[in-house]
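**Q** Here it is, the structure in full.
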Amino acid sequence: MRKGVLLGLVVLVFSVGGAAGADLTTKARTSVPALPSWWDTVTITGHVQAGITFNEGPSGGINFGHLFTDKANSLLMNQALLTVQRPLDPKASGYDFGFKFQAMYGSDARYTHFLGEFDQSISGRNQFDIVEAHALFHLPWLTSGGVDVKVGQYVTLEGAEVIYAPDNALYSHSYIFNFGIPFKHTGIMTTTHLTHLLDVYAGIDTGVNTTFGNRFDRFNGGDNNTAAAFHGGIGLNLMDGALTVLATTHIGPENPNVSSAVLAGVNPNRALRYLNDVTIVWKATDKLTLTTDLNYIREDGFNAVGSGVAQYVTYALNDWLKITGRGEVWRDNSGFFVAAFPGNLDFVRVEHGNPLGTAIGGGATTYGALTVGLAIRPPVPKEFDGLVVRPEVRYDTSLNGTTPFGAGTKRSQFTFGGDIIIPIKIR
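Heads up, the sequence shown is in the numbering used here, so the first residue is 24 and it goes up one at a time.
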């Protein structure tokens, strides 16, 4: 009898223990979160940006020295932009793959086209443009940080300002952004993470704002000459990321392969253009950010040089209000680089070398510009989180007595403008 009771207790204990163990195993399995799938890391976002810049000139006039904000006293729908992307995992230790596709409709597209790609398909002020379309690869090669590879169409490494409006502190752009750096490239770019402090960039592309395909005196090709270009530099990440330095260059022939260039004594496929830029960003405090943009460019074919510096100071007054000041001096030694383009297709026509393109130059001028603007993020419903309003005042002047403003009649120009950016998050 006692043996039977003892045996029954042993069986009961093992039965209960086995059930409890099974429950614990099940809970342990269900409590471990599932790893995100590749598709879960894909995002779809966008924004709409509209603005206006007032000038004392007549309605419909030109704000000289501006590109994206060039139309005086006229409301612009600058960007309706959509981005679909899967960025590389910054912590990836093995192979990783991503992509980015970004398309834009608006008045900014007049200046951001890849040649031969929708650049003359719309003659109106608002046009369509593919800003970026590339594949991304992380390769665990060469160094502990590996190598990132970008293949396709992408924005330039250069400059403190970008095409993507929400990433700029001010509505209007600097002379350096407008005239001293490229906008976009078609090619291959590699980033080698030598150490956690040093990155090395090296790539080859078809040139500034170009794709593929050229022949002599062709005004609608994808490239304006037959030569390739180098794009690269170094990046430093210092003070735990509080101080970054990006020094880059783009070197290659950029003059159009057309009769007018050849008659001027320029070999479009051999005369080099050097576009050099150094951007230094120092986050001095949680509220104060200082950005310095240094620029030097040279065009060998026409013996032209441009150079200058822009200094930005941004201070966060509180969670919803930032103030930014930008001071800039930029020298165009022969009037080759700085120009206004009155027609909606004039900029791309000039890039193609089309004689129908009109460019209004400012002559050999040293430009000075002071801009002060606010970034106001009012309280809005969650679906509009990120909405920003950016009013600004700006003063442009010639520091050497020329008169590039007011249709060639004025030494200086005062503008007041601003924009609103409405974000859209789809996924």
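The beta carbon of each residue, even a glycine, is placed where N, CA and C say it ideally should be.
Predicted model only: the values in this text are computed from it and were never measured.
1) Determine the closest residue to residue 211 out of 368, 159 and 200, with distance taken between C-alpha atoms.
2) To the nearest angstrom, report how far apart residue 412 and residue 441 are at their CA atoms.
3) Could you tell me whether the region 187–195 touches the region 390–400, where touching means 3 or more Cβ pairs closer than 8 Å?
4) On a Cα-Cα basis, can you pick out the residue from 249, 72, 362 and 89 that is closest to residue 293?
5) Under three-state DSSP, which class holds residue 278?
6) Going by DSSP, what residue range makes up the alpha helix (DSSP H) through residue 360?
7) Is residue 407 helix, strand or coil when you go by DSSP?
8) DSSP three-state call for residue 44: helix, strand or coil?
9) Can you give the beta carbon distance from residue 422 to residue 391, rounded, assuming they're within the 8 Å contact cut?
10) For a test of the three-state rule: what should DSSP assign to residue 292, helix, strand or coil?
11) Name the one or two DSSP bridge partners that residue 237 has.
12) Could you tell me which of 77, 214 and 128 sits nearest to residue 225, measuring between CA atoms?
13) On the three-pair Cβ rule with 8 Å, is the region 200–211 touching the region 226–234?
14) Entirely within the region 63–139 and at least 4 residues each: give me those alpha helix (DSSP H) ranges in chain order.
15) Expressed to the nearest angstrom, what Euclidean distance is found between the alpha-carbon atoms of residue 111 and residue 436?
16) Could you tell me whether the Cβ atoms of residue 349 and residue 335 are closer together than 8 Å?
17) I want to know whether the region 156–172 touches the region 65–78 - three or more CB-CB distances under 8 Å.
18) What does a CB cutoff of less than 6 Å around residue 389 pick up in its chain, not counting 5 residues either side in sequence?
19) Report the CB separation of residue 126 from residue 105 in whole angstroms; it is logged as a contact under 8 Å.
20) DSSP state of residue 201, grouped into three classes?
21) By a C-beta neighbour count over all protein chains shown, 10 Å radius and 16 as the cutoff for buried, is residue 474 buried or exposed?
22) Can you say whether residue 282 is buried or exposed, counting buried as having 16 or more other CB atoms within 10 angstroms of its CB?
23) Applying the criterion that 16 or more other CB atoms from any shown protein chain within 10 Å of the CB defines a buried residue, is residue 449 buried or exposed?
24) Which residues in the same chain as residue 182 place their Cβ atom closer than 7 Å to its Cβ, once the five residues preceding and following it in sequence are excluded?
25) Which stretch, first to last residue, makes up the beta strand (DSSP E) that contains residue 208?
**A** Taking the geometry as given:
1) Comparing Cα positions, the closest option is 159.
2) Computed Cα separation, rounded: 7 Å.
3) A contact between stretches requires three or more CB pairs, one per stretch, nearer than 8 Å, and the region 187–195 meets this requirement with the region 390–400.
4) Of the listed residues, the one whose Cα sits closest to residue 293 is 249.
5) Collapsing the DSSP output to three states places residue 278 in coil.
6) Taken as a continuous stretch (DSSP letters only), residue 360 belongs to no alpha helix (DSSP H), as it is neither H nor E.
7) The answer is helix: DSSP assigns residue 407 an H, G or I state.
8) Low confidence applies to residue 44: its pLDDT is 44, below 50, so where it sits in the model is not reliable, and the reading given next is rough at best. If DSSP states are grouped into helix, strand and coil, residue 44 belongs with the helices.
9) About 5 Å separates the two Cβ atoms, so the contact holds.
10) Here residue 292 sits in coil by DSSP.
11) DSSP lists no partner for residue 237.
12) The closest CA to that of residue 225, considering only 77, 214 and 128, is found on 214.
13) Contact between the region 200–211 and the region 226–234 is present: three or more C-beta pairs spanning the two stretches fall below 8 Å.
14) Whole alpha helix (DSSP H) segments, 4+ residues: 132–135.
15) In this structure, the straight-line span from the alpha carbon of residue 111 to that of residue 436 is close to 44 Å.
16) Going by C-beta atoms, residue 349 is nearer than 8 Å to residue 335.
17) Flag = no, the region 156–172 and the region 65–78 do not touch.
18) Sequence-distant Cβ neighbours of residue 389 in its own chain, meaning closer than 6 Å and more than five residues away, are 354, 422 and 423.
19) Residue 126 to residue 105, Cβ: 5 Å. Contact.
20) Of the three classes helix, strand and coil, the one that applies to residue 201 here is helix, per DSSP.
21) No answer is possible for residue 474: the residues shown for the chain start at 24 and end at 450.
22) It counts as exposed.
23) Exposed is the call here.
24) The residues 199, 200, 204, 300, 302 and 316, in chain order, have a CB closer than 7 Å to that of residue 182 in the same chain once the five nearest residues on each side in sequence are set aside.
25) From DSSP, the beta strand (DSSP E) with residue 208 extends over 207–216.
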